[in-house]
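Written out below as structure tokens is the structure these notes cover.
2 protein chains.
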Amino acid sequence: MEQGKTTAELNIGDRVSLTRQITDSDVMQFAEVTRDRNPIHVDQEYAKNTIFKGRIAHGLLTASLISAALATELPGPGNIYLSQSLHFTAPVMIGDVIRTEIEVIEKIPEKNRVRLQTRCYNQHGVMVIDGEAVVIPRK
Amino acid sequence: MEQGKTTAELNIGDRVSLTRQITDSDVMQFAEVTRDRNPIHVDQEYAKNTIFKGRIAHGLLTASLISAALATELPGPGNIYLSQSLHFTAPVMIGDVIRTEIEVIEKIPEKNRVRLQTRCYNQHGVMVIDGEAVVIPRK
Numbered sequence: 002m003e004q005g006k007t008t009a010e011l012n013i014g015d016r017v018s019l020t021r022q023i024t025d026s027d028v029m030q031f032a033e034v035t036r037d038r039n040p041i042h043v044d045q046e047y048a049k050n051t052i053f054k055g056r057i058a059h060g061l062l063t064a065s066l067i068s069a070a071l072a073t074e075l076p077g078p079g080n081i082y083l084s085q086s087l088h089f090t091a092p093v094m095i096g097d098v099i100r101t102e103i104e105v106i107e108k109i110p111e112k113n114r115v116r117l118q119t120r121c122y123n124q125h126g127v128m129v130i131d132g133e134a135v136v137i138p139r140k
Numbered sequence: 002m003e004q005g006k007t008t009a010e011l012n013i014g015d016r017v018s019l020t021r022q023i024t025d026s027d028v029m030q031f032a033e034v035t036r037d038r039n040p041i042h043v044d045q046e047y048a049k050n051t052i053f054k055g056r057i058a059h060g061l062l063t064a065s066l067i068s069a070a071l072a073t074e075l076p077g078p079g080n081i082y083l084s085q086s087l088h089f090t091a092p093v094m095i096g097d098v099i100r101t102e103i104e105v106i107e108k109i110p111e112k113n114r115v116r117l118q119t120r121c122y123n124q125h126g127v128m129v130i131d132g133e134a135v136v137i138p139r140k
């Protein structure tokens, strides 16, 4: 299996970008596994009468694009997820195409930790999640 | 549909507790919908040779117990999720029974916001997630 990067192999400014569409099927499947069947996510009749004017994706579904990018790309396999902050800055509608940007912003070699900026944008360039993660890269 | 509580209806110290087992099926389904197929979550042969000695649940799968509790219980339907901090303080193994505790810790009536402490514990009483959420309760 491909190995993730170690702290020594990572540099401040290293970044990765991943793009994925959030589909109706993603939202329904996420509602199923998490039991979060809030009508704002699963009921169009309800959702169209809210300030969002339609169904939105679960915040943590969009956030999972971040954790997947950390797990598979930067730093990649073998890292341990210590913390994540998430600011949901705009709604994600069904069908939105989300670009996730991960960037190394701090290295703490004495504790073998790395801090990353983790942001998601929609197809209009609007930031939908702002946040940071701290991970322990593989040894 | 049942309505969530408004800021006026919420009090500091209001709390809710939900318990759910994290099953193998949950983890495999979460890996599918999020595309996070990190072997630590889905490959027992790989996982047993890590410091965790076995497969662990995705951090955001456990975190989704928090967002589901906020969405459905406290403050409940109609609230808008603004932010969430997550500290993954211990691993969640397949089969662990997770108790999620949500408690109102601050009311900001002038901005119609409420801050909640959001913590998850395993069946041994060990905290697995520590964090806080900020939401806008329904008007």
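For the record, the sequence lines run as chains A and B. Each residue of the first sequence is one higher than the last, beginning at 2 in the working numbering. Each residue of the second sequence is one higher than the last, beginning at 2 in the working numbering. C-beta atoms are modelled at their ideal positions from N, C-alpha and C, and glycine is treated no differently. Since the model is a prediction, treat every value here as computed from it, not as a measurement.
1) Ignore the nearest five residues each way along the sequence and tell me which others in A/Ile-81's own chain have a CB closer than 7 Å to its CB.
2) Out of A/Arg-21, A/Arg-38, A/Ala-70, which one is the CA nearest neighbour of A/Arg-56?
3) Which residues of the stretch 52 to 86 of chain B have a Cβ closer than 7 Å to any Cβ of chain A? Give them in chain order.
4) What are the boundary residues of the beta strand (DSSP E) that B/Ala-134 is part of?
5) From which residue to which residue does the beta strand (DSSP E) around B/Leu-87 run?
6) Just how far apart, CA to CA, sit B/His-125 and B/Leu-19?
7) Quick check: is the beta carbon of B/Arg-139 nearer than 7 Å to any beta carbon in chain A?
8) Identify which residue in B/Asn-50, B/Ser-68, B/Thr-51, B/Pro-40 has its Cα closest to the Cα of A/Val-34.
9) Report buried or exposed for B/Gly-60, applying the criterion of at least 16 other Cβ atoms within 10 angstroms of its Cβ.
10) Just checking, does the stretch 6 to 15 of chain B make contact with the stretch 91 to 105 of chain B on the three C-beta pairs under 8 Å criterion?
11) Using a beta-carbon distance below 7 Å, is A/Asn-113 in contact with chain B?
12) Excluding the 5 residues preceding and the 5 following B/Ala-70 in the sequence, name in chain order all residues of the same chain whose CB lies nearer than 7 Å to its CB.
13) Is the shortest distance between the beta-carbon of B/Thr-35 and the beta-carbons of chain A less than 7 Å?
14) Is B/Glu-3 helix, strand or coil by DSSP?
15) B/Val-98 lies in the beta strand (DSSP E); which residues open and close that run?
16) Report yes if the C-beta distance between A/Ala-58 and A/Val-98 is below 7 Å; otherwise report no.
17) Taking a contact to mean a Cβ-Cβ separation below 7 Å, would you say B/Arg-116 touches B/Asp-131 in this structure?
18) Over what stretch of residues does the alpha helix (DSSP H) that includes B/Leu-62 continue unbroken?
19) Pop quiz: A/Thr-63 and A/Val-129 are said to be a contact at Cβ under 8 Å. What is the actual Cβ separation, rounded to whole angstroms?
20) With distances taken Cα to Cα, identify the nearest neighbour of A/Pro-40 among B/Gln-30, B/Ile-109, B/Gly-79.
Walking through what the data contain:
1) By 1-based counting over the first sequence, the position of residue 81 of chain A is 80. The answer, listed in chain order, is Val-136, Ile-137.
2) Position 55 of the first sequence, counting from 1, holds the residue named residue 56 of chain A. Looking at the Cα atoms, A/Arg-38 is the closest of the given residues.
3) His-59, Gly-60, Leu-61, Ala-64, Ser-65, Ser-68, Ala-69, Ala-72, Thr-73, Pro-78, Tyr-82, Leu-83, Ser-84, Gln-85, Ser-86
4) Here residue 134 of chain B refers to the residue found at position 133 when the second sequence is read from its first residue. Run containing B/Ala-134: 133 to 137, per the beta strand (DSSP E) assignment.
5) As a first step, residue 87 of chain B must be located in the second sequence, where it is residue number 86. 81 to 89 is the extent of the beta strand (DSSP E) around B/Leu-87.
6) Position 124 of the second sequence, counted from the first residue, corresponds to residue 125 of chain B. Position 18 of the second sequence, counted from the first residue, corresponds to residue 19 of chain B. For B/His-125 and B/Leu-19, the distance between alpha carbons rounds to 16 Å.
7) Here residue 139 of chain B refers to the residue found at position 138 when the second sequence is read from its first residue. B/Arg-139 does not count as touching chain A.
8) Start at 1 with the first residue of the first sequence, and residue 34 of chain A comes out as number 33. Measuring from the Cα of A/Val-34, the nearest candidate turns out to be B/Ser-68.
9) Here the question's residue 60 of chain B lines up with position 59 in the second sequence. When all chains shown are included, B/Gly-60 counts as buried.
10) yes
11) Taking the first sequence and counting its residues from 1, one reaches residue 113 of chain A at position 112. By this cut-off, A/Asn-113 is not an interface position.
12) Along the second sequence, read from residue 1 onward, the residue named residue 70 of chain B stands at position 69. Around B/Ala-70: Val-17, Leu-19, Thr-101, Ile-103.
13) The count along the second sequence starts at 1 and reaches residue 35 of chain B at position 34. At least one chain A Cβ lies under 7 Å of B/Thr-35.
14) Reading the second sequence from its first residue, position 2 is the one you call residue 3 of chain B. B/Glu-3 falls in the coil class under three-state DSSP.
15) What you label residue 98 of chain B is simply residue 97 of the second sequence in a count that begins at 1. Run containing B/Val-98: 98 to 109, per the beta strand (DSSP E) assignment.
16) Looking up residue 58 of chain A in the first sequence gives position 57. Looking up residue 98 of chain A in the first sequence gives position 97. Cβ distance not < 7 Å, so A/Ala-58 and A/Val-98 don't count as in contact.
17) Translated into positions along the second sequence, residue 116 of chain B becomes position 115. Translated into positions along the second sequence, residue 131 of chain B becomes position 130. Contact flag unset, no.
18) Within the second sequence, the letter at position 61 stands for residue 62 of chain B. 60 to 73 is the extent of the alpha helix (DSSP H) around B/Leu-62.
19) Residue numbering aside, residue 63 of chain A sits at position 62 when the first sequence is read from its first letter. Residue numbering aside, residue 129 of chain A sits at position 128 when the first sequence is read from its first letter. The pair is a contact, with the Cβ atoms about 6 Å apart (cut-off 8 Å).
20) The residue labelled residue 40 of chain A in the question sits at position 39 within the first sequence. Comparing Cα positions, the closest option is B/Gly-79.
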